[in-house]
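Numbered per this note's numbering, the sequence shown spans residues 18 to 195.
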Amino acid sequence: LDNLMRDNNISVPPSDGDSGYWLKRGDAAAQSKSDVVYCKDRATLAEKEADFVIRGITNWIIQGHVLGDLVKFYAVKGGFFRYFYPSDDGESKFGDEKLNGDACHYAFDEHLLKATADKVAQITGIDVYGGDAIITEDGNFYIIDFNDWPSFSRCRDIAADAIAKLTNKKNSLNKIKI
């Protein structure tokens, strides 16, 4: 997915960085905290890559750590889009959000974030999706994660309506793609 996004000019973090690295398994979605690890330097990165190999993980990506606000977004094809700052509500899956600290709520173009997420969804053929982005101080953003069928934990009720409408629409066209 990382290569696909890069090939389609989606803003993703560089592979190198001055603020550390993220090592992420590339063969499947993260199942445990050890599937996405922060590495403060190249030596730690090499250590964690060796750990991946020991665990049988031979496909991974490296992203430079980007400083800024972490936002989680949730979307359904056809218009539904919401984003949230995990530091505002403290909700966390593995606790890695703390590395970026409390959100500063930097101004950014939320319509462009939605359009970018929609583009990734279109490229991958996914209709129900979510992900994470880092918003930098200058208002730029980087997509750091994208997945199908996220939890919608912060907006489950309203998302359920959007998913039901999409499913009904696709069912009536006999083209369900879930």
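For each residue, glycine too, the CB sits at the ideal point set by N, CA and C.
Query, Result
"Buried or exposed for Val-53, please, with buried defined as at least 16 other CB atoms from any protein chain shown within 10 angstroms of its CB.", "buried"
"Considering just the uninterrupted stretch of the alpha helix (DSSP H) at Phe-125, what are its terminal residues?", "Phe-125 -> no alpha helix (DSSP H), and no H or E assigned at all."
"Excluding sequence positions up to five away, which residues of its chain have a Cβ less than 7 Å from the Cβ of Asp-260?", "Given a span of 18 to 195 for the chain in the structure shown, any question on residue 260 remains unanswerable."
"With the cut-off set at 8 Å, would you say Asp-86 and Ala-120 are in Cβ contact?", "yes"
"Distance, Cα to Cα, Phe-97 vs Ala-60?", "42 Å"
"Can you tell me the Cα-Cα spacing of Pro-31 and Leu-84, whole angstroms?", "12 Å"
"For a quick check, are the C-beta atoms of Ser-94 and Ala-150 less than 8 Å apart?", "Here the sequence assigns Lys to residue 94, which means Ser is not the residue at that position. Cβ distance not < 8 Å, so Lys-94 and Ala-150 don't count as in contact."
"Report the partner residues of Asp-86 according to the DSSP bridge assignment.", "Ile-152"
"Is the beta carbon of Glu-108 less than 8 Å from the beta carbon of Ser-28?", "no"
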